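Engineer: In terms of my numbering, the sequence shown is residues 1 to 449. Here a beta-carbon is modelled for each residue, glycine too, at the ideal position from N, C-alpha and C. Keep in mind the model is a prediction, meaning the values are calculated, not measured. Would you mind keeping the following structure in view while I ask a few things?
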Amino acid sequence: MNKLDATLVAEALKRAEYNLTDSIKDADVVLINTCSVRQHAEEKVLSHLGHLKHLKENKPALVVGVIGCMAQRLGAELLKSKAVDIVCGPTQIPQLTELINKTLQQKEKSIAVTGQIRRKVSDKQTQALEDFESAYDTDDKQLPHQAFVRVMHGCNKFCTYCIVPYVRGPEVSRPPKAIIEQVKKLAGQGVKLITLLGQAVNSYSYAAGEKTYCLADLLYMAAEIDGIKWIRFVTSYPSEKFFDPICRAMADVPKVCKYLHIPAQSGSDKILKAMNRKYTAAQYLNLLDRAKSIVPGLAVAGDFIVGFPGESEDDFKATVELTKKARYKNCFIFKYSPRPDTIAEKKLPDDVPIEVKRSRNIELLAVQEKISEELSSQFLNKQVRVLVEGLSKKPHLNAEDKVGLPQLIGRTAEDWIVVFNGAPDLAGCFADIKITKTSPLTLFGEMSA
Ligand code: SAM
Ligand code: SF4
């Protein structure tokens with residue numbers, strides 16, 4: 001979501017005739033797009049602001065803006081910092097160019113955040129976001145021929161640990177017509193892979209006349225568009241609602257990638273309840289079984305939080321068991337971080353010591369790594385199709401091959417990362433790769449002739 005917001009903002013500024021620079025020293029305006037999901041993310045922003053404060057001592061005209069979730073969460077408090085001139089929440093990004101122009105001209109600080117974030121979003125605000133979203137080209141230049149398309153804003157799930165509903169506001173699904181028009185436009189610009197985005201993307205629901213559109217409808221409609229070759233969607237909430245139709249779309253439509261990111265967060269029913277996740281471990285595993293039976297070859301990814309308040313050794317063991325049964329392709333594992341004003345932060349003491357959180361994190365990662373290794377080894381000597389992303393950022397051994405071609409990175413439809421040697425101008429193209437070596441998270445191979 002943040003990556004998409006950053007792309008939209010950069011595009012809006014380019015259209016307002018600002019030039020983008022990679023060097024902070026050359027910049028007249030510096031914007032920091034922020035995340036509030038864990039404290040660590042916020043600490044990094046505060047440390048950047050410390051650095052910018054020093055820069056501003058030598059360059060007083062420098063304008064610094066904090067945008068995104070942290071701007072919404074801290075609002076006027078951030079403006080007290082000497083480093084900060086603009087504070088702009090996620091719902092206000094359509095106004096950002098105006099705020100920057102004003103600050104540059106009038107040399108005054110400015111703030112635009114939502115007063116009561118859980119209030120129903122006004123039609124005017126929805127329209128402003130819609131215009132902003134649809135008007136700009138969201139082709140991600142870092143990942144050629146790929147684009148994110150938001151299908152909904154906000155979240156209504158209120159998992160007790162999570163700040164998102166308090167900084168991104170209530171769930172609002174975008175009109176299917178606008179989404180499909182946007183996908184068509186992107187396809188016209190050469191985009192091949194689109195990723196539909198929502199915090200609980202399978203909750204997408206939009207009533208238009210007699211029909212209520214769900215995510216499966218969007219998948220079928222997007223697949224009709226010439227030029228679009230692959231369609232992904234993240235992140236799914238483990239719920240019955242619309243689940244089977246979405247799985248059937250994955251099974252029936254070749255363009256829909258057989259990849260499901262569906263976080264469990266914990267394998268303990270006691271902890272799931274305390275997290276306000278509305279399922280038990282058994283129900284979650286049933287959903288996965290059903291998905292895998294409807295969609296042969298489905299790759300599943302998950303998220304877990306370790307060290308949630310009250311998580312005992314037995315609760316953690318239940319998480320390990322669930323991980324083993326789920327057989328994820330990969331998992332994102334986070335140490336619980338209390339977020340201000342969430343229900344967990346207000347009501348549940350953060351009682352799992354940091355060393356225990358750390359060791360559980362390491363243990364769960366090791367369990368997952370073994371599963372990932374087993375799954376990835378099945379690709380050995382097989383051919384896979386990837387969409388090439390570009391040069392590999394982490395050159396592995398033998399970075400160049402015999403004819404001096406650099407290492408490239410690509411992903412399969414099921415999101416496996418593949419490293420191989422090839423010409424850099426393959427970025428954005430599909431390539432067939434014969435896998436010659438595997439590791440838990442990366443496949444290595446050679447381009448097939
Ligand atoms: N909407 C998505 C979902 O529900 O899966 C993603 C939400 S969040 C931005 C991404 C992940 O961060 C969550 O799945 C959760 O594992 C983790 N997370 C959220 N709040 C957290 C917290 N307070 N401490 C640690 N991890 C957290
Ligand atoms: Fe946060 Fe839960 Fe919403 Fe995901 S579904 S954004 S974890 S409240």
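(1) Find out if the Cβ-Cβ distance for the pair P287, A326 is shorter than 8 angstroms.
(2) Less than 7 angstroms between the CB of T160 and some heavy atom of the ligand SAM, yes or no?
(3) Buried or exposed, going by whether 16 or more other CB atoms sit within 10 Å of the CB of K393?
(4) Under the three-state reduction of DSSP, which class applies to K393: helix, strand or coil?
(5) If I follow the unbroken beta strand (DSSP E) through T195, where does it start and stop?
(6) What would DSSP say about C159, mapped onto helix, strand or coil?
(7) Is D315 near the ligand ZN, with its Cβ less than 7 angstroms from a heavy atom?
(8) Opposite E446 in the DSSP bridges: which residues?
(9) Taking 8 angstroms as the threshold, find out whether the segment 108-124 comes into contact with the segment 308-320 through three or more Cβ pairs.
(10) Closest by CA to C533, which one among T114, K53, R73 and I179?
(11) Is the separation between the beta-carbon of L408 and that of V388 shorter than 8 angstroms?
(12) Name the DSSP bridge partner or partners of K211?
(13) Could you have a look at K453 and say whether DSSP puts it in helix, strand or coil?
(14) Keeping to the same chain, check which residues put their C-beta closer than 6 angstroms to that of S173; ignore five residues upstream and five downstream.
(15) What's the gap between the Cα of E478 and the Cα of S372?
(16) Is M1 helix, strand or coil by DSSP?
(17) Using 7 angstroms as the cut-off, classify the Cβ of Q199 as near or not near the heavy atoms of the ligand SAM, replying yes or no.
(18) Along the chain, where does the beta strand (DSSP E) that runs through K335 open and close?
(19) Please report how far the alpha carbon of G190 lies from the alpha carbon of G227, in whole angstroms.
(20) Which residues does DSSP list as the beta-bridge partners of G410?
(21) Expressed to the nearest angstrom, what Euclidean distance is found between the alpha-carbon atoms of I100 and V164?
(22) Contact check, D5 vs G68 under 8 angstroms by CB: the rounded distance?
(23) Inspect the CB distances between the segment 49-58 and the segment 125-134 and report whether three or more fall short of 8 angstroms.
(24) Less than 8 angstroms between the C-beta atoms of V87 and A61, yes or no?
(25) Excluding the 5 residues preceding and the 5 following E321 in the sequence, name in chain order all residues of the same chain whose CB lies nearer than 7 angstroms to its CB.
(26) From V234 to E171, what does the alpha carbon distance come to, in whole angstroms?
(27) For A249 versus Y279, is the C-beta spacing smaller than 8 angstroms?
(28) Check D289 in the structure and name its three-state DSSP category.
(29) At which residue ranges does the segment 12-40 contain complete beta strand (DSSP E) runs of 3 or more residues, listed in the order of the chain?
(30) For G65, report the span of its beta strand (DSSP E) as first-last.
(31) Can you have a look at D22 and say buried or exposed, based on whether 16 or more other CB atoms are within 10 angstroms of its CB?
(32) Which class does G297 belong to by DSSP, given the choice of helix, strand or coil?
(33) Could you tell me if the beta carbon of P165 falls within a distance shorter than 7 angstroms of some heavy atom in the ligand SF4?
(34) Cβ of C69 versus every heavy atom of the ligand SF4: is any distance shorter than 7 angstroms?
(35) Out of M275, T323, N330 and A291, which has the shortest C-alpha to C-alpha gap to T342?
(36) D217 to P353, Cα distance in whole Å?
Structural biologist: So, from the data block:
(1) What you label residue 287 is simply residue 287 of the sequence shown in a count that begins at 1. What you label residue 326 is simply residue 326 of the sequence shown in a count that begins at 1. Note that residue 287 is Leu in the sequence shown here, rather than Pro. The answer is no: Cβ separation not under 8 angstroms.
(2) As a first step, residue 160 is located in the sequence shown; it is residue number 160 there, counting from the start. Checking every heavy atom of the ligand SAM against the Cβ of T160, none is found closer than 7 angstroms.
(3) Translated into the one-based positions of the sequence shown, residue 393 becomes position 393. Label assigned to K393: exposed.
(4) Stepping through the sequence shown from its first residue, residue 393 is reached at position 393. DSSP places K393 in coil when its eight states are reduced to three.
(5) Translated into positions along the sequence shown, residue 195 becomes position 195. Per DSSP, T195 belongs to the beta strand (DSSP E) from L193 to L197.
(6) For the purposes of this step, residue 159 is taken as residue 159 along the sequence shown, with counting starting at 1. The answer is coil: DSSP assigns C159 none of H, G, I, E or B.
(7) Ligands in the displayed structure: the ligand SAM and the ligand SF4; the ligand ZN is not one of them.
(8) Residue mapping note: residue 446 aligns to position 446 of the sequence shown, counting from 1. Paired residues: K434.
(9) In short, these stretches do not touch, since the Cβ pair count stays below three.
(10) Examination of residue 533 is not possible in this model, given that the chain is present from 1 through 449 alone.
(11) On the sequence shown, position 408 is the one that residue 408 refers to. On the sequence shown, position 388 is the one that residue 388 refers to. Yes, the pair counts as a contact, with Cβ atoms nearer than the cut-off.
(12) Taking the first residue of the sequence shown as position 1, residue 211 is located at position 211. In the DSSP assignment, the residues bridged to K211 are A208.
(13) Because the chain in this structure spans residues 1 to 449, residue 453 falls outside the shown range and cannot be described.
(14) As a position in the sequence shown, residue 173 is number 173, starting the count at 1. Non-local beta-carbon contacts of S173 in its own chain, meaning distances under 6 angstroms to residues more than five positions away in sequence, involve M152, Y204, S205 and Y206 in chain order.
(15) Residue 478 falls outside the range modelled here, since the chain spans only 1 to 449, and no answer is possible.
(16) Reading the sequence shown from its first residue, position 1 is the one you call residue 1. Three-state result, M1: coil.
(17) The residue labelled residue 199 in the question sits at position 199 within the sequence shown. The answer is yes for Q199.
(18) Taking the sequence shown and counting its residues from 1, one reaches residue 335 at position 335. Its beta strand (DSSP E) spans residues N330 to K335.
(19) As a working mapping, residue 190 is identified with position 190 in the sequence shown. As a working mapping, residue 227 is identified with position 227 in the sequence shown. Approximately 7 angstroms between the Cα atoms of the pair.
(20) Reading the sequence shown from its first residue, position 410 is the one you call residue 410. According to DSSP, G410 bridges with V388 and V418.
(21) Taking the first residue of the sequence shown as position 1, residue 100 is located at position 100. Taking the first residue of the sequence shown as position 1, residue 164 is located at position 164. Annotation: I100 to V164 spans about 26 angstroms, alpha carbon to alpha carbon.
(22) Numbered from 1 along the sequence shown, position 5 holds the residue referred to as residue 5. Numbered from 1 along the sequence shown, position 68 holds the residue referred to as residue 68. Right, the Cβ-Cβ distance comes to about 6 angstroms (below 8 angstroms), so this counts as a contact.
(23) no
(24) Position 87 of the sequence shown holds residue 87. Position 61 of the sequence shown holds residue 61. Contact: no.
(25) By one-based count along the sequence shown, residue 321 stands at place 321. The residues are G267.
(26) Counting from 1 along the sequence shown, the entry for residue 234 is found at position 234. Counting from 1 along the sequence shown, the entry for residue 171 is found at position 171. Distance between the alpha carbons of V234 and E171 is about 15 angstroms.
(27) Residue mapping note: residue 249 aligns to position 249 of the sequence shown, counting from 1. Residue mapping note: residue 279 aligns to position 279 of the sequence shown, counting from 1. Against a cut-off of 8 angstroms, the Cβ pair of Y279 and A249 comes out as no contact.
(28) Working through the sequence shown from its first residue, we reach residue 289 at position 289. Helix, per DSSP.
(29) Counting only unbroken stretches of 3 or more residues, the beta strand (DSSP E) elements lying wholly within the segment 12-40 are 29-34, in sequence order.
(30) Indexing the sequence shown from 1 puts residue 65 at position 65. It spans V63 to G68 - the beta strand (DSSP E) in which G65 sits, taken as one unbroken run.
(31) Sequence index remark: in the sequence shown, residue 22 carries index 22 (1-based). By the neighbour-count criterion, in which a residue is buried when 16 or more other Cβ atoms sit within 10 angstroms of its Cβ, D22 is exposed.
(32) On the sequence shown, residue 297 is found 297 positions in, with the first residue counted as 1. Reduced to three states, the DSSP call for G297 is coil.
(33) For the purposes of this step, residue 165 is identified with residue 165 of the sequence shown, where counting begins at 1. Within the cutoff, so yes.
(34) In the sequence shown, the residue the question calls residue 69 occupies position 69. Incorrect: C69 has no Cβ contact closer than 7 angstroms to the ligand SF4.
(35) Walking along the sequence shown from the start, residue 342 turns up at place 342. Closest by alpha carbon: M275.
(36) By one-based count along the sequence shown, residue 217 stands at place 217. By one-based count along the sequence shown, residue 353 stands at place 353. Cα-Cα distance, rounded: 46 angstroms.
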